[in-house]
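So the sequences go chain by chain: A and B.
One point on numbering: in our numbering, the residue at position 82 of the first sequence is 164, and numbering is uninterrupted.
One point on numbering: in our numbering, the residue at position 56 of the second sequence is 70, and numbering is uninterrupted.
Working notes, structure below.
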Amino acid sequence: MNEMTYELLDHISEGILILNDKLELIYWNQQMERITKCEQPFLAFQPIEQAMPNLSKKCFMDAFLEVSENGLLRFFSAMMHRELVIRSEYFNLKIERIKNEGEQCVLLEFMNVSSQISQINELKIYVKELWMANKELREKEKIIRNLAYYDKLTKVANRTLFYELAEDVFDKAKGKNTLIGLMFIDVNKFKTVNDTYGHEIGDQILVRVADMLVQATRQHDVVARYGGDEFLVLLPSLKDRNNIEIIASRIINFKNRPLMLDGHSISITLSMGIAFYPYDAQSIEQLIIEADKAMYMAKRQDGEDNYCRSACNL
Amino acid sequence: MILWYAVTKGTANLIFPADKMKTFINLCMHEEASGYEGMEFHDIDFDIIKEIGNIILNCIMGETGNFLNINFDYSLPEVQVFNQDDFRQNLITRENCYILVLYITFLVGDTHIEGAIIVDLTLNSLNELLLKVGQIEDGLYE
Chain A
83 MNEMTYELLD
93 HISEGILILN
103 DKLELIYWNQ
113 QMERITKCEQ
123 PFLAFQPIEQ
133 AMPNLSKKCF
143 MDAFLEVSEN
153 GLLRFFSAMM
163 HRELVIRSEY
173 FNLKIERIKN
183 EGEQCVLLEF
193 MNVSSQISQI
203 NELKIYVKEL
213 WMANKELREK
223 EKIIRNLAYY
233 DKLTKVANRT
243 LFYELAEDVF
253 DKAKGKNTLI
263 GLMFIDVNKF
273 KTVNDTYGHE
283 IGDQILVRVA
293 DMLVQATRQH
303 DVVARYGGDE
313 FLVLLPSLKD
323 RNNIEIIASR
333 IINFKNRPLM
343 LDGHSISITL
353 SMGIAFYPYD
363 AQSIEQLIIE
373 ADKAMYMAKR
383 QDGEDNYCRS
393 ACNL
Chain B
15 MILWYAVTKG
25 TANLIFPADK
35 MKTFINLCMH
45 EEASGYEGME
55 FHDIDFDIIK
65 EIGNIILNCI
75 MGETGNFLNI
85 NFDYSLPEVQ
95 VFNQDDFRQN
105 LITRENCYIL
115 VLYITFLVGD
125 THIEGAIIVD
135 LTLNSLNELL
145 LKVGQIEDGL
155 YE
């Protein structure tokens, strides 16, 4: 290489090393001197592994030989090979074969990527913080949504969610001409249970009843606490009005197991009123009224657990 | 992707599914996968892929070159992220449309990485490679 080439190499921003075919250092540009704080004359004709002990690992030495003998191109990334040159900075290393005055030489090009890496790392921290904040926000939104839409005690839908879901169910049923069933369920003599065993047991009974209703119904049915000891079960897309009896029987079967609460074996009974869209009502409000009426009819009947269908039939 | 410019001209593409490559990068950097990163690739990732791609393609191209006694003069890999449509378009609009597909699979620790190498060749280059293979084959029976 002539003087001008060396001059040129001294003015580029990459660190440049040139090795001869014995892998000894024959050139070291000024940028490399600045990075390592070593001057070229002290290092001339030293084997590379001595001049730069960080490059004495087998993977680098094999790469130098491959490049020197076969003319392959090799690339080493700063993040996989940290402290390639000095501890405080990151360098990518490119190795290729060049010819210098008829001799095969190996060119090592060190590209400083420290500022890119620090920017990326800052960005990663920022993205992580943003992601965490977003995650927290979503969790809070979920809590708020649960508070707004679910009954705190029984965890089933509250009135607000029931009306929202019922509206959708009605729209679909009107569009597709399908049958909707609604059950209005009341725990018989709940006040007596509360007075006898206390409000805590009363609350536990409501939780158990809600669980039973969820277990006895289908996945897409809506179980909601309407208030006090009253529950609603909305049953979309029923094939036949008689099918609701299967669900009513399942509820009674579940309920027949006595509840063991705080050492007390407590049996409860339910009254259920049933109404259907489109037979008994044309709106959800009306359907609730009809199911409620049917529930009172059931309550007036003899026996323990009863269910009655609405007598309305529009 | 690497390009080579000897008598035989062509392009070698190393293709990996983005999620597998993301896992691989995390393994190389000894980092646990964190839920927030998604499928974004940045310069550090590209450098790591470049190094891995360089090693794999050196092996394949180097061995092929040695075997067929052809000197491939080639560049460092360029790294690009494609969606499926872009990639299909990229292959269709290429000048070199004769392709050689090599499936590769390797294990890093317990992680299974699958990918493929697609070598695009011009018709002349493909003929030249086949001629070389033919010559070697003839040599076996002499």
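All residues carry an ideal CB built from backbone N, CA and C; glycine is no exception.
Note that the coordinates shown come from a computational prediction; the quantities given were computed from them, not determined experimentally.
Quick test of your reading: residue i and residue j, contact by CB under 8 Å. State the CB separation rounded to the nearest angstrom.
i: Lys34(B); j: Glu128(B); result: 6 Å
i: Asp57(B); j: Ile39(B); result: Not confirmed; about 12 Å, so no contact.
i: Ile178(A); j: Leu189(A); result: For clarity, residue 178(A) is Glu in the given sequence; the question names Ile instead. Contact flag correct, Cβ pair sits at about 5 Å.
i: Glu131(A); j: Met114(A); result: Rounded, the Cβ-Cβ distance is 16 Å, inconsistent with contact.
i: Ala380(A); j: Met342(A); result: Between Met342(A) and Ala380(A) the Cβ distance is about 27 Å, and since that is not below 8 Å, they are no contact.
i: Asn270(A); j: Ile350(A); result: 7 Å
i: Arg323(A); j: Leu261(A); result: 7 Å
i: Asp397(A); j: Ser392(A); result: In the structure as shown, chain A starts at 83 and stops at 396, and residue 397(A) therefore has no counterpart that could be examined.
i: Ile283(A); j: Asp344(A); result: 6 Å
i: Val238(A); j: Arg307(A); result: 6 Å
i: Ile180(A); j: Ile117(A); result: Contact flag wrong, Cβ pair sits at about 21 Å.
i: Ala298(A); j: Phe336(A); result: 5 Å
i: Glu148(A); j: Arg156(A); result: 7 Å
i: Met161(A); j: Ile63(B); result: The Cβ separation is near 11 Å, so there is no contact.
i: Glu96(A); j: Met193(A); result: 5 Å
i: Thr242(A); j: Val289(A); result: Actually they are not in contact, since the Cβ atoms of Thr242(A) and Val289(A) sit about 20 Å apart, beyond 8 Å.
What are the boundary residues of the beta strand (DSSP E) that residue i is part of?
i: Thr125(B); result: Thr125 to Leu135
i: His346(A); result: His346 to Ile348
i: Thr119(B); result: Tyr112 to Val122
i: Val315(A); result: Glu312 to Leu320
i: Met265(A); result: Leu261 to Val269
i: Gly309(A); result: Val304 to Gly309
i: Leu343(A); result: Leu341 to Leu343
In chain B, which residues lie less than 8 Å from residue i when you measure between Cβ atoms?
i: Ser200(A); result: Result: empty, since nearest Cβ-Cβ is about 11 Å, beyond 8 Å.
i: Asn154(A); result: Per the sequence shown, the amino acid found at residue 154(A) is Leu instead of Asn. Under the 8 Å cutoff, chain B gives Asn72 and Gly76.
i: Lys176(A); result: Leu90
Within the continuous alpha helix (DSSP H) that includes residue i, where are the two ends?
i: Asn152(A); result: Lys140 to Asn152
i: Cys390(A); result: Note, Cys390(A): premise wrong, no alpha helix (DSSP H); beta strand (DSSP E) at Asn388 to Arg391.
i: Val296(A); result: His281 to Ala298
i: Leu90(A); result: Glu85 to Asp92
i: Ile168(A); result: Per DSSP, Ile168(A) belongs to no alpha helix (DSSP H) and is neither H nor E.
i: Leu82(B); result: Asp57 to Leu82
i: Ala133(A); result: Ile130 to Ala133
i: Met379(A); result: Ile366 to Arg382
Run through chain A and tell me which residues come within less than 8 Å of residue i, C-beta to C-beta.
i: Met43(B); result: Met161 and Met162
i: Ala68(B); result: Per the sequence presented here, residue 68(B) reads as Asn, with Ala not at that position. In chain order: Leu155, Arg156 and Phe157.
Mind listing the chain B neighbours of residue i? Cutoff is C-beta to C-beta under 7 Å, in chain order.
i: Phe158(A); result: Glu65
What are the partner residues of residue i, as DSSP defines its beta bridges?
i: Tyr109(A); result: Ile100(A)
i: Val188(A); result: Leu101(A) and Arg179(A)
i: Tyr245(A); result: According to DSSP, which records beta bridges pairwise, Tyr245(A) is partnered with nothing at all.
i: Asn174(A); result: Met193(A)
i: Phe157(A); result: Lys176(A)
i: Thr351(A); result: Partner(s): none; Thr351(A) has no beta bridge.
i: Ile29(B); result: Ala130(B)
i: Ala357(A); result: Leu264(A)
i: Tyr231(A); result: Partner(s): none; Tyr231(A) has no beta bridge.
i: Ala363(A); result: In DSSP, Ala363(A) forms no bridge with anything.
i: Ala239(A); result: Tyr232(A) and Ala306(A)
Cβ closer than 9 Å: which chain A residues qualify as neighbours of residue i?
i: Tyr88(B); result: Leu154 and Leu155
Please list the partners that residue i has in chain A, where partner means a Cβ-to-Cβ separation under 7 Å.
i: Asp57(B); result: Gln198 and Ile202
i: Ile62(B); result: Ser159, Met161 and Met162
Relative to the ligand MN, is the shortest distance from any of its heavy atoms to the C-beta of residue i smaller than 8 Å?
i: Asp285(A); result: The ligand content of the structure shown is nil, which means the ligand MN is not present either.
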